[in-house]
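S.K.: The C-terminal position of the sequence shown is numbered 407 in the working numbering, with every residue numbered one higher than the one before it.
Starting off with a structure, shown below.
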Amino acid sequence: MRPLLVRLHRWFGIATASFLVVAGLSGAVIAWYQELDAALNPAFFRSVTPGMPKAPLQLAERLEAADPRVAVTYLPLQVKVSHTLIVGVAGRTNPATGKPYELGFNQVALDPVTGAIQGRRAWGAPSLSRLNLLPFVYKLHYTLFLPLRGGVDIGRWLMGIVGIVWTIDCIVALLIAFPSAKTWRKSFAFRMKRGGYALVFDLHRSGGVWLWAVLSIVAVTSVSMNLADPVVRPIVSRFSPLEPTPFTSRAQRQPVLAHEPVLSREQIVQIAEAAAQREHIPHTPGALLYAPGLAAYGVRYCDASGHRNEAGLGDAWLYWDARTGAPAGRQIPGRGSAGDLFMQAQFPLHSGRIAGLAGRVVVSMTGLAVAVLSVTGLAIWLKKARARRLAAAAARRPARERERTPV
């Protein structure tokens, strides 16, 4: 059985190594996405204009009035001191073509005092410019910037399959890491003084053993993050009912047509405030999401200063039909079925945010470790493959010499 498991580990490792190096290194960076993005782009995130900030709803109206092509799709509902208001936007439908306007950007930074546009960017664009660098790394982490084909996100599917293989390989690796019950200590040791191949081998084997639990969690949650709707939710729903949202029931949603009346942002905020009391959510509406393709509004609940909950299971979200205001789903941390709780935990576990700052440190270090484990695994395979080739060549050499020797 062990030879088969070793062979499987080798094949799985070779197949996934390059993907895991990219995912590990990018994951180590995006554990600090918000901090790094703000540090790299102070002109986009910081506001220095003195004065009283305007209400976010008013700023959104001004932005849309100034450029009729623009529709605000994500709007923070609180302004943070000395910060710009980062608004998500999309192109409205061009009546001449029936297609959305191509804006060239999907995020706008507004001066909260004057309403002036302080910056624009296309979040997730394949660009290494300073303004787009962190969004580029973030999107690279889960899509590799592979294209859509026939409505299928090839990047997400590929990384999801890599996650499945990685999950299986975590089990296989643990089984072969302990060849003998008597020598189990060796599987936790690092031969630092010997260095060379011995240290490379120990970094791979012992490093994987020490980090096995964290690696397994990241592997499993990577599947949930990439293949939630097509794979994970259908499986989980067989064991426990799941609360639907507009994003998980896309087939039942009819998009908003051009010039079709929908509820205003102000109306949705009023509905959201009343819903917070009814649902006993101890926070206020902190951000508004509008998804015209799903005819839905969503509201994220944050503390009074607009800060997200960066620990635990995250923030509560409630959803409403954009046409009628009827409830369309909810995600309230800690509430729901066992399946709902499982799904709620996937991103916080994968990002480390479930344990706050300490969890993010662990996940960032784990990302680096994944890259090291992948590289050392390839190094071990290359060394053993070379040794096998040399041994095979040496075995053939005496046979050829015997053939040349006269009888």
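Backbone N, C-alpha and C fix where the C-beta goes; we use that ideal spot for every residue, glycine too.
Going by the DSSP bridge assignment, what does A291 pair with across the sheet?
M.R.: The partner list for A291 (beta bridge, DSSP) reads A296.
S.K.: Measure the Cβ-Cβ separation of L134 and D229 and say whether it is below 8 Å.
M.R.: No, these two residues do not count as a Cβ contact at 8 Å.
S.K.: Look at the Cβ atom of I380, then the Cβ atom of F201, and state whether they are nearer than 8 Å.
M.R.: In contact: I380 and F201 (Cβ atoms closer than 8 Å).
S.K.: So the alpha helix (DSSP H) Q252 belongs to, where does it begin and stop?
M.R.: No alpha helix (DSSP H) holds Q252; DSSP gives it neither H nor E.
S.K.: CB of P147 to nearest heavy atom of the ligand MN: below 7 Å?
M.R.: Looking for the ligand MN in the displayed structure turns up nothing, as the structure carries no ligands at all.
S.K.: Exposed or buried, what is I354 when buried is set at 16 or more other beta-carbons lying within 10 Å of its beta-carbon?
M.R.: It is buried - the Cβ of I354 has at least 16 other Cβ atoms within 10 Å.
S.K.: May I ask which residues mark the beginning and end of the beta strand (DSSP E) holding D321?
M.R.: Counting along the chain, the beta strand (DSSP E) containing D321 begins and ends at 317–321.
S.K.: Give the secondary structure of L341 by DSSP, where H, G and I count as helix, E and B as strand, and everything else as coil.
M.R.: Of the three classes helix, strand and coil, the one that applies to L341 here is helix, per DSSP.
S.K.: Using the three-state DSSP reduction, which class does H83 fall into: helix, strand or coil?
M.R.: Residue state, collapsed to three classes: strand.
S.K.: Which runs of the beta strand (DSSP E) at least 3 residues long sit entirely within the stretch 176–221? Give them in chain order.
M.R.: Correct list: empty.
S.K.: Distance, Cα to Cα, Y319 vs C302?
M.R.: The alpha-carbon atoms of Y319 and C302 are separated by roughly 15 Å.
S.K.: My understanding is that R69 touches Y33, with C-beta atoms under 8 Å, so please give their C-beta distance in whole angstroms.
M.R.: The pair is not a contact, with the Cβ atoms about 29 Å apart (cut-off 8 Å).
S.K.: Do you know offhand how far R360's Cα is from Q346's?
M.R.: Between R360 and Q346, the C-alpha separation is close to 14 Å.
S.K.: From R185, G312, A109, pick the residue whose C-alpha is nearest to that of R46; which is it?
M.R.: The residue with the shortest Cα to Cα distance from R46 is A109.
S.K.: What is the rounded straight-line gap between the Cα of A60 and the Cα of Q270?
M.R.: So the two alpha carbons sit approximately 17 Å from each other.
S.K.: Quick one: using the 10 Å Cβ neighbour count with 16 as the cut-off for buried, is Y297 buried or exposed?
M.R.: It is buried - the Cβ of Y297 has at least 16 other Cβ atoms within 10 Å.
S.K.: On the DSSP bridge list, what partners appear for V152?
M.R.: Answer is R149.
S.K.: Pick helix, strand or coil for L75, following the three-state DSSP scheme.
M.R.: Note: L75 maps to strand in three-state DSSP.
S.K.: Using the rule of at least 16 other Cβ atoms within 10 Å of the residue's Cβ for burial, across every protein chain shown, is W184 buried or exposed?
M.R.: By the 10 Å Cβ count, W184 comes out exposed.
S.K.: Assign R120 to one of three DSSP states: helix, strand, or coil.
M.R.: R120: strand per DSSP, three-state reduction.
S.K.: Beta-carbon within less than 7 Å of Y197's beta-carbon, same chain only, minus the 5 sequence neighbours each way: which residues are those?
M.R.: Result list for Y197: K383, in chain order.
S.K.: Rank A213, P246, H141, L140 by C-alpha distance to the C-alpha of C170 and give the top, closest one.
M.R.: Ranking the options by Cα distance to C170, first place goes to A213.
S.K.: Evaluate T97 with the Cβ neighbour count: other Cβ atoms within 10 Å of its Cβ, from every protein chain shown; 16 or more gives buried, anything less gives exposed.
M.R.: Exposed, since its Cβ has fewer than 16 Cβ neighbours within 10 Å.
S.K.: Spell out a yes or no on whether the stretch 12–30 and the stretch 157–166 are touching, meaning 3 or more CB-CB pairs, one atom from each, closer than 8 Å.
M.R.: They touch, by the three-pair rule.
S.K.: If you compare alpha carbons, which of V236, Q277, W317, R233 is closest to R330?
M.R.: Checked all of V236, Q277, W317, R233; the closest Cα to R330 is W317.
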